[in-house]
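What follows is a single structure, written as structure tokens, with notes after it.
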Amino acid sequence: MIIFLIGFMGSGKSTTGKKLAKKLGYEFLDSDTLIVEQYGMSINEIFDHLGEESFRESETRLLKELISRSNLVVSTGGGLPCHSGNMDIINRNGISIYLKVSYSVLFNRLLNRKYKRPLIRNLSDQELKFFIEKKLSRREPFYNKATHIVRGLDVEIDELVDLIRE
Ligand code: S3P
């Protein structure tokens, strides 16, 4: 089985994913980390030198590689489920969990976590607020296709395990 954690930047996918993988005895993978390793560049450098489109293509390529594997928990970059039919690929090949977090909590969490994220690194606080509102409302239709939707930051790992085993 593959479990995909999806949701906006700052929704705690990696932290939750690591704990969930440990609990299930599965391997944990993070899509951004794998792409960074493949290119030997940071996400900022990939966006700067190759462009966002190349990054998005690499997300879909990676996803198609991952689905041949099993016993994995995958934390996906915030944009991955929202293009190229990726959400359908995810749901056809695994269980998806949307870590839902409110705008205001995302805003507070992202204020100090902007710098490694090319889409928001140059935004003022006010611009960040508008960006989150606009982007999240565009992305939610994709995130809402998840097999399960849970309260992102205070989800209990045991609750997640129960959901997955339902
Ligand atoms: C992105 C989210 C980032 C990373 C890239 C683009 C997005 O991942 O993939 O900066 O489009 O939302 P996190 O969700 O892990 O921050």
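To convert, note that position 3 of the sequence shown is 3 in the working numbering; the numbers rise steadily by one, no gaps. Just so it is clear, CB atoms sit at the ideal spot from N, CA and C, and this is done for glycine as well.
One question on the structure: do residue i and residue j come within less than 8 Å of each other, judged by their Cβ atoms?
i, j, result
"Leu-111", "Asp-125", "yes"
"Ile-167", "Ser-70", "An answer regarding residue 167 cannot be provided, because it is not within the stretch 1 to 166 covered by the chain."
"Gly-152", "Ser-54", "no"
"Leu-66", "Glu-27", "no"
"Ser-84", "Arg-113", "no"
With 16 other CB atoms within 10 Å as the buried threshold, where does residue i fall?
i, result
"Val-150", "buried"
"Thr-76", "buried"
"Phe-130", "exposed"
"Asn-86", "buried"
"Gly-40", "exposed"
Please report how far the alpha carbon of residue i lies from the alpha carbon of residue j, in whole angstroms.
i, j, result
"Asn-44", "Lys-145", "29 Å"
"Leu-5", "Gly-94", "10 Å"
"Gly-7", "Asn-122", "21 Å"
"Ile-58", "Met-9", "It should be pointed out that residue 58 corresponds to Ser in this sequence rather than to Ile. Those two C-alpha atoms are separated by around 18 Å."
"Asn-91", "Leu-128", "30 Å"
"Pro-118", "Leu-163", "34 Å"
"Cys-82", "Leu-50", "20 Å"
"Lys-109", "Lys-116", "It is worth fixing the name first, because residue 109 is Arg in this sequence and not Lys. Going by the C-alpha atoms only, they are around 13 Å apart."
"Ser-68", "Tyr-143", "22 Å"
"Ile-120", "Leu-29", "24 Å"
"Glu-166", "Glu-159", "11 Å"
"Ile-89", "Ser-102", "26 Å"
"Leu-80", "Asp-154", "23 Å"
Tell me, to the nearest whole angstrom, how far the beta carbon of residue i is from that of residue j; I am working on the premise that it is less than 8 Å.
i, j, result
"Lys-19", "Ile-157", "5 Å"
"Thr-16", "Leu-99", "6 Å"
"Val-161", "Leu-24", "7 Å"
"Val-74", "Ser-31", "6 Å"
"Thr-147", "Ser-96", "5 Å"
Taking 7 Å as the cut-off, is the beta-carbon of residue i closer than that to any non-hydrogen atom of the ligand HEM?
i, result
"Lys-114", "The ligand HEM is not part of the structure shown, which contains the ligand S3P as its ligands."
Legend entry - Segments assigned beta strand (DSSP E), at least 3 residues, entirely inside the stretch 68-92: Restricted to the stretch 68-92, the beta strand (DSSP E) segments that are unbroken, complete and at least 3 residues in length are 72-75, listed in chain order.
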